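In my numbering, the protein residues as written are 149 to 451.
Below: the structure, in C-alpha cells.
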Amino acid sequence: MSLQSTWSCIRPAAARRVPQASRAAFSTTPSRSNIPPESPSYIRLPKVPQSTEAKPERVRGTLPVPREIFERTDGDRKVQPEYLEKTAPRRSSERLLNSDTQRWKKQLADSRRQNLEQGLQGLWTRHETREQDRVERARRRQEALQRANEAPESRADVMTRGTVLGSIADTAVHPDPERFEKAARGRERVLAQGLARRDARRDALMELYINASSFIVTEAELKEEIDKVFHEDYFRKQSIKGYRPGATENVWGVHGKPPGIATMLETLTRTSTNVASASESEFDHSVKRTKKISEELTGGKMA
Numbered sequence: 149m150s151l152q153s154t155w156s157c158i159r160p161a162a163a164r165r166v167p168q169a170s171r172a173a174f175s176t177t178p179s180r181s182n183i184p185p186e187s188p189s190y191i192r193l194p195k196v197p198q199s200t201e202a203k204p205e206r207v208r209g210t211l212p213v214p215r216e217i218f219e220r221t222d223g224d225r226k227v228q229p230e231y232l233e234k235t236a237p238r239r240s241s242e243r244l245l246n247s248d249t250q251r252w253k254k255q256l257a258d259s260r261r262q263n264l265e266q267g268l269q270g271l272w273t274r275h276e277t278r279e280q281d282r283v284e285r286a287r288r289r290q291e292a293l294q295r296a297n298e299a300p301e302s303r304a305d306v307m308t309r310g311t312v313l314g315s316i317a318d319t320a321v322h323p324d325p326e327r328f329e330k331a332a333r334g335r336e337r338v339l340a341q342g343l344a345r346r347d348a349r350r351d352a353l354m355e356l357y358i359n360a361s362s363f364i365v366t367e368a369e370l371k372e373e374i375d376k377v378f379h380e381d382y383f384r385k386q387s388i389k390g391y392r393p394g395a396t397e398n399v400w401g402v403h404g405k406p407p408g409i410a411t412m413l414e415t416l417t418r419t420s421t422n423v424a425s426a427s428e429s430e431f432d433h434s435v436k437r438t439k440k441i442s443e444e445l446t447g448g449k450m451a
C-alpha cells in the first residue's frame, strides 16, 4: 500500500478540502467583480502567444551625402570620349609586350578604362532618369494646384460658408470720382502754404533789417551795453524816463508783470486796477494800436 493511500485512509475527506477563501488569497489575478468597465481587461480576449508588433529595422550609422558628379553647367561632358581620354589616357606609342606581367598590366589598364566608361554611362543614365522624374513630379504638382485653383466651389462649401455682402466681396480698387476736385483743392492748399511761408520769410527779413540798427558788432559796443544794463541805477533811470518816478526799481516795476488773459481784458475795457495801466493815457493805447496796424500793413517791425 502506498503512502498516499495510507494518508487518505487516516485523514477524512472533509479535512482534505481546502477552503475557497484561502485559495483566493494566494491568487494574483483580480476577480471579475473588481475590474471596472473602463479597464481594458474588462472584456476578456484571447491573447496570442507571440507579439505581432512590427518593429523597424535598426539602422546603424549614417550615410554620407552623395557627391554631385555631373555639374549643372557641365551637362554630359563627363560621358564624352574626350573626357575619358583625358582622365585615363593611353600610351602615346605602342610597344611590344615581351612578358606575361606586361600583358597582364595592360589588360588591367584596359579593364579600368572600360569600367570607368561604363560607370560614367550608368551614372549619367541614372541622373537623367532622376531629373526626368523630378520634372514630371513638379509638372503634375503644378497641374494639380492649377486645377484646384480653377475648380468651382463645391456645394458643401457654398452651403456652409457665411453670408457675405456683394459690396464687401468686391475687392477691386475703383477710382475715386472726386479725385480731380481733391487734387485741385490740394494744389490750392499747397500754394497757400507756400505764400504763407514766403510772407513769413519776408516779415522776418524786414524785422531783421529794422533791428539791425541796434545790433552789437564790436567789443566796445558790447562793453558799453553791459555797463549800461547792469548798472545799479538802470531801473531807476528807466522809471524816470517813463515818467513814473517812485516805482519799484526792478524789471517788474519798469515793465510790469507778464500780462494774463484777465489783465488784457481789463486793459481793453479800461477796468484795470494796475497802477501802470491806470496811469496810461488813451494816447498810449492809440500809439500801440497804430504801431501794430502799421506792422501788419508794412510787413515789418516798427521801431
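We treat Cβ as the ideally placed atom computed from N, Cα and C, and that holds for glycine.
Computed from a prediction, not measured in an experiment: that's the story for all the values here.
Between residue i and the rest of its own chain, which residues show a CB-CB distance below 7 angstroms, the 5 nearest in sequence each way excluded?
i, result
"residue 436", "none"
"residue 360", "none"
How would you label residue i, buried or exposed, when you count the other beta carbons within 10 angstroms and need 16 or more for buried?
i, result
"residue 452", "Outside the shown range of the chain, which is 149 to 451, sits residue 452, and nothing can be said about it."
"residue 268", "buried"
"residue 442", "exposed"
"residue 402", "buried"
"residue 187", "exposed"
"residue 189", "exposed"
Could you tell me the boundaries of the alpha helix (DSSP H) in which residue i lies?
i, result
"residue 303", "303–308"
"residue 383", "382–389"
"residue 242", "Element bounds for residue 242: n/a, residue is neither H nor E."
"residue 358", "327–359"
"residue 263", "248–298"
"residue 313", "Segment: none, residue 313 is in no alpha helix (DSSP H) and carries neither H nor E."
"residue 232", "229–235"
"residue 403", "399–403"
"residue 319", "Looking at the DSSP string, residue 319 is not in any alpha helix (DSSP H), and its letter there is neither H nor E."
"residue 415", "409–417"
What separation, rounded to the nearest whole angstrom, lies between the Cα atoms of residue i and residue j?
i, j, result
"residue 382", "residue 414", "30 angstroms"
"residue 343", "residue 431", "36 angstroms"
"residue 143", "residue 371", "No answer is possible for residue 143: the residues shown for the chain start at 149 and end at 451."
"residue 303", "residue 295", "17 angstroms"
"residue 366", "residue 327", "59 angstroms"
"residue 265", "residue 232", "7 angstroms"
"residue 362", "residue 330", "49 angstroms"
"residue 412", "residue 434", "15 angstroms"
"residue 192", "residue 183", "11 angstroms"
"residue 417", "residue 409", "12 angstroms"
"residue 312", "residue 297", "21 angstroms"
"residue 321", "residue 314", "14 angstroms"
"residue 279", "residue 203", "34 angstroms"
"residue 219", "residue 226", "10 angstroms"
"residue 400", "residue 333", "49 angstroms"
"residue 444", "residue 384", "34 angstroms"
Got a sec? Which residues, its chain only, sit under 8 angstroms from residue i by beta carbon, not counting five neighbours each side?
i, result
"residue 407", "415"
Whose C-beta lies closer than 6 angstroms to the C-beta of residue i among residues of the same chain, with five residues either side of it excluded?
i, result
"residue 170", "Residue placement at residue 170 cannot be trusted, given a pLDDT of 46 that sits under 50; the coordinates are not used to answer."
Would you check whether the ligand NAD has a heavy atom nearer than 7 angstroms to the C-beta of residue i?
i, result
"residue 311", "Ligands displayed in this structure: none; no statement on the ligand NAD is therefore possible."
Touch test, the stretch 237–254 against the stretch 186–198, Cβ-Cβ under 8 angstroms, three pairs minimum: no
The stretch 245–259 in contact with the stretch 277–285 per 3-pair CB rule at 8 angstroms: no
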